[in-house]
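A.B. asks:
Residue numbers (full-length UniProt numbering): 1 to 175.
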């Protein structure tokens, strides 16, 4: 029964992240240079034990949902699938010496600030690089694109960190 419960929880999270992004966050723009891609939180905060095929399918579904609402022709889907593909590699790269526990989640309180910051910034910058380079279609305006990547990555990372601090539980000691 816990498997069905996990699926329902993830579907609820999918809808919440997509709805909040589409209805509220998409209107926020910093200096006409930075956008917040809050929907990435759904993909970044999936349980560690999520199989890669499921991650890729969820990444595609979330990206396609954003593409439908913003008429971006697959940009969000492509960048989100890249993020879903790279996430297990980054998790392997950042594996603690003792490994992950079966109950571990991507949680700043559980994994620590240093681990979480490296994980978040690395994946968000990779996603944003793919998204903005695909959006431009060339390297002609590389300075502007680099500015968009950096400001948007910082904006998105701070927003996702706030989400972590507000809505993810503090784990009281390890078993």
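Idealized CB from N, CA, C, for every residue including glycine.
Ignore the nearest five residues each way along the sequence and tell me which others in residue 48's own chain have a CB closer than 8 Å to its CB.
C.D. replies: Along the chain shown, read from residue 1 onward, the residue named residue 48 stands at position 48. Cβ neighbours of residue 48 beyond the five flanking positions: 91, 100, 104, 105 and 106.
A.B. asks: Would you check if the distance between the CB atom of residue 75 and the CB atom of residue 131 is smaller than 7 Å?
C.D. replies: As a position in the chain shown, residue 75 is number 75, starting the count at 1. As a position in the chain shown, residue 131 is number 131, starting the count at 1. Yes, Cβ-Cβ distance for residue 75 and residue 131 is below 7 Å.
A.B. asks: In the DSSP assignment, find the unbroken alpha helix (DSSP H) run with residue 45 in it and report its ends.
C.D. replies: In the chain shown, residue 45 corresponds to position 45, counting from 1. From DSSP, residue 45 is part of no alpha helix (DSSP H); its letter is neither H nor E.
A.B. asks: Under DSSP, the alpha helix (DSSP H) around residue 128 begins and ends at which residues?
C.D. replies: On the chain shown, position 128 is the one that residue 128 refers to. Note, residue 128: alpha helix (DSSP H), 113-136.
A.B. asks: On a Cα-Cα basis, can you pick out the residue from 77, 156 and 65 that is closest to residue 30?
C.D. replies: Taking the first residue of the chain shown as 1, we reach residue 30 at position 30. Checking every option, the nearest Cα to that of residue 30 belongs to 156.
A.B. asks: Here's a check: name, in chain order, each residue in its chain whose Cβ is nearer than 8 Å to the Cβ of residue 38, leaving out the five neighbours to either side.
C.D. replies: Your numbering for residue 38 matches position 38 in the chain shown. Answer for residue 38: 17, 20, 21, 25, 156, 159, 160 and 163, listed in chain order.
A.B. asks: Give me, in chain order, the residues of the same chain whose beta-carbon lies closer than 7 Å to that of residue 41; leave out the 5 immediate sequence neighbours on both sides.
C.D. replies: Residue 41 sits at position 41 when you count from the first residue of the chain shown. Hits under 7 Å: 17, 160 and 163.
A.B. asks: Of all the options 128, 72, 138 and 55, which has the alpha carbon lying nearest to the alpha carbon of residue 87?
C.D. replies: Locating residue 87 in the chain shown gives position 87, where the first residue counts as 1. Comparing Cα-Cα distances from residue 87 to each of 128, 72, 138 and 55, the minimum goes to 55.
A.B. asks: Comparing alpha-carbon positions, which option in 79, 96, 118 and 60 lies nearest residue 135?
C.D. replies: To locate residue 135, count along the chain shown from 1; it is residue 135. Nearest of 79, 96, 118 and 60 to residue 135, Cα basis: 79.
A.B. asks: Residues in the same chain with beta-carbon distance under 8 Å from residue 67, minus the five sequence neighbours each way, listed in chain order, please.
C.D. replies: Stepping through the chain shown from its first residue, residue 67 is reached at position 67. The residues are 73, 74, 75, 76 and 77.
A.B. asks: Please report how far the alpha carbon of residue 12 lies from the alpha carbon of residue 59, in whole angstroms.
C.D. replies: Indexing the chain shown from 1 puts residue 12 at position 12. Indexing the chain shown from 1 puts residue 59 at position 59. About 15 Å.
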